[in-house]
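Trainee:
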Amino acid sequence: MNIRIMPTVVTAVISAGLLVGGWFAYQNVATVQPLEQILVDVPGVTEAVPNVQRDAVTVSLKLDNDANIRDVYDTILLEGEHVIGDRELRLQIDNSKSDEILNDIWSSVLFNIAQAMETRQYTGIPTAMEQIESKYEGVTATSEMDDMNVYITLKHGAAAKYVILPRTPEQMGVWPNA
1 MNIRIMPTVV TAVISAGLLV GGWFAYQNVA TVQPLEQILV DVPGVTEAVP
51 NVQRDAVTVS LKLDNDANIR DVYDTILLEG EHVIGDRELR LQIDNSKSDE
101 ILNDIWSSVL FNIAQAMETR QYTGIPTAME QIESKYEGVT ATSEMDDMNV
151 YITLKHGAAA KYVILPRTPE QMGVWPNA
């Protein structure tokens, strides 16, 4: 029995192409396109690019100044449940509309927020937001929380800064071979 090399190689290349093409088509038709359609209809979202991975769905967002980040997160999670499934939803928000004032304000309050998050004393976050509003004229600072995240919004005129902080910090485990 003599195996011909050229037909075998051609068959292998065609089979690999069909497998990769089928996977790519499934990825686009069954996951990315339905998620893109959902993201178009979310109030406050001006632009969204989903990236579906095995264990997480990451959505890069551009938001209106009037967007409520908690509502955006909840809407995507609820409407996209059939696509997201048991994957983690991660939002990457484009804060290019933020200005230097908001970045400086965020830097000044970051230690208080980090301490509140680390010690799980979440009542310190609204207090920090009230301090921002009283200290900086024309700046509005809001915070909201659900069972998964803390959502912080800073606004100054046409500029806005959105921050999502996970409530459950990743725990560093013990290495089995240590």
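Each residue of the sequence shown is one higher than the last, beginning at 1 in our numbering. Virtual Cβ for every residue (Gly too), placed ideally from N, Cα, C. Model, not experiment: these values are computed from the prediction.
Of the residues 66, 46 and 146, which one's Cα is nearest the Cα of residue 158?
Mentor: Residue numbering aside, residue 158 sits at position 158 when the sequence shown is read from its first letter. Comparing Cα-Cα distances from residue 158 to each of 66, 46 and 146, the minimum goes to 66.
Trainee: Consult DSSP for residue 3 and reduce its assignment to one of helix, strand or coil.
Mentor: Your numbering for residue 3 matches position 3 in the sequence shown. Looking at residue 3 - three-state DSSP - the assignment turns out to be coil, as it is neither helix nor strand.
Trainee: By how many angstroms is the C-alpha of residue 50 removed from the C-alpha of residue 14?
Mentor: Position 14 of the sequence shown, counted from the start, is the residue given in the question as residue 14. Position 50 of the sequence shown, counted from the start, is the residue given in the question as residue 50. Looking at the backbone, the Cα of residue 14 and that of residue 50 are separated by about 30 Å.
Trainee: Could you pull out every residue in the same chain whose Cβ sits closer than 7 Å to the Cβ of residue 55, ignoring the five residues on either side in sequence?
Mentor: Walking along the sequence shown from the start, residue 55 turns up at place 55. So the list reads 87 and 88, once near-sequence residues are dropped.
Trainee: For residue 19, which three-state DSSP category applies?
Mentor: Taking the sequence shown and counting its residues from 1, the one referred to as residue 19 is at position 19. Reduced to three states, the DSSP call for residue 19 is helix.
Trainee: Cβ atoms of residue 76 and residue 42: under 8 Å apart, would you say?
Mentor: Within the sequence shown, numbered from 1, the residue matching residue 42 stands at position 42. Within the sequence shown, numbered from 1, the residue matching residue 76 stands at position 76. The answer is yes: Cβ separation under 8 Å.
Trainee: Tell me the rounded alpha-carbon separation between residue 150 and residue 168.
Mentor: Sequence index remark: in the sequence shown, residue 150 carries index 150 (1-based). Sequence index remark: in the sequence shown, residue 168 carries index 168 (1-based). Residue 150 and residue 168: Cα-Cα distance of roughly 10 Å.
Trainee: By the DSSP assignment, the beta strand (DSSP E) with residue 47 in it spans what residues?
Mentor: Translated into positions along the sequence shown, residue 47 becomes position 47. That run of the beta strand (DSSP E) goes 45-52.
Trainee: Quick one, which of 38, 58, 16 and 129 has its alpha-carbon nearest residue 111's?
Mentor: Numbered from its first residue, the sequence shown carries residue 111 at position 111. Residue 111 has its Cα closest to that of 129, out of 38, 58, 16 and 129.
Trainee: Under the three-state reduction of DSSP, which class applies to residue 148: helix, strand or coil?
Mentor: Looking up residue 148 in the sequence shown gives position 148. In this structure, residue 148 counts as coil in the three-state DSSP scheme.
Trainee: What does the alpha-carbon distance come out to for the pair residue 16 and residue 23?
Mentor: For the purposes of this step, residue 16 is taken as residue 16 along the sequence shown, with counting starting at 1. For the purposes of this step, residue 23 is taken as residue 23 along the sequence shown, with counting starting at 1. Going by the C-alpha atoms only, they are around 11 Å apart.
Trainee: Given a cut-off of 8 Å on the beta-carbon distance, is the pair residue 40 and residue 72 in contact?
Mentor: One-based indexing of the sequence shown puts residue 40 at position 40. One-based indexing of the sequence shown puts residue 72 at position 72. Not a contact, by the Cβ cut-off of 8 Å.
Trainee: Pick out the complete alpha helix (DSSP H) segments inside the segment 79-167, 4 residues or longer, and give them in chain order.
Mentor: 81-84, 100-119 and 124-135
Trainee: Note down the Cα distance separating residue 83 from residue 68, rounded to an integer number of angstroms.
Mentor: Against the sequence shown, residue 83 aligns to sequence position 83. Against the sequence shown, residue 68 aligns to sequence position 68. Straight-line Cα distance between these residues: approximately 23 Å.
Trainee: Cα separation between residue 160 and residue 79?
Mentor: Here residue 160 refers to the residue found at position 160 when the sequence shown is read from its first residue. Here residue 79 refers to the residue found at position 79 when the sequence shown is read from its first residue. The straight-line gap from Cα to Cα measures roughly 25 Å.
Trainee: Count the other CB atoms within 10 Å of the CB of residue 105; is the residue buried (16 or more) or exposed (fewer)?
Mentor: By 1-based counting over the sequence shown, the position of residue 105 is 105. Its Cβ being crowded by 16 or more others within 10 Å, residue 105 is buried.
Trainee: At the level of alpha carbons, what is the spacing between residue 156 and residue 132?
Mentor: As a first step, residue 156 must be located in the sequence shown, where it is residue number 156. As a first step, residue 132 must be located in the sequence shown, where it is residue number 132. Those two C-alpha atoms are separated by around 11 Å.
Trainee: Could you tell me the distance, in whole angstroms, from the CA atom of residue 101 to the CA atom of residue 142?
Mentor: For the purposes of this step, residue 101 is taken as residue 101 along the sequence shown, with counting starting at 1. For the purposes of this step, residue 142 is taken as residue 142 along the sequence shown, with counting starting at 1. Answer to the nearest angstrom: the Cα atoms are 16 Å apart.
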